[in-house]
Amino acid sequence: MAEKRQRDELKRVALHQRRKDRKERAYGRVAARQARTPAEQLAALDKRLGAGVGATRERARLEKQL
1061 MAEKRQRDEL
1071 KRVALHQRRK
1081 DRKERAYGRV
1091 AARQARTPAE
1101 QLAALDKRLG
1111 AGVGATRERA
1121 RLEKQL
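In our numbering, the protein residues as written are 1061 to 1126.
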């Protein structure tokens, strides 16, 4: 019984750490996105998705800002 409790506690700690890591990576992505200019963000979208492919509303919003 104590072994199961110990295992469960380790799982809980590992889950907490994974959530914390994911949240930190997300904050890093948000900070990187905010640091880019609209032109740089369009270039990033083109690189990730292909020139003019997908994210049409985001592209329109960024074009309006240029």
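Glycine included, C-beta positions come from ideal geometry on N, C-alpha and C. Since the structure is predicted, the reported quantities are computational estimates derived from the model, not experimental observations.
How big is the Cα-Cα spacing for residue i and residue j?
i, j, result
"A1062", "A1086", "36 Å"
"A1111", "E1100", "13 Å"
"V1073", "E1084", "17 Å"
"R1082", "A1092", "15 Å"
Once DSSP output is grouped into helix, strand and coil, what is the label at residue i?
i, result
"R1065", "helix"
"G1088", "helix"
"R1072", "helix"
Considering only their Cβ atoms, is the gap separating residue j from residue i smaller than 8 Å?
i, j, result
"Q1077", "P1098", "no"
"L1138", "L1075", "This structure gives no information on residue 1138, because the portion of the chain shown stretches from 1061 to 1126."
"R1025", "L1105", "Outside the shown range of the chain (1061 to 1126) lies residue 1025, about which nothing can therefore be said."
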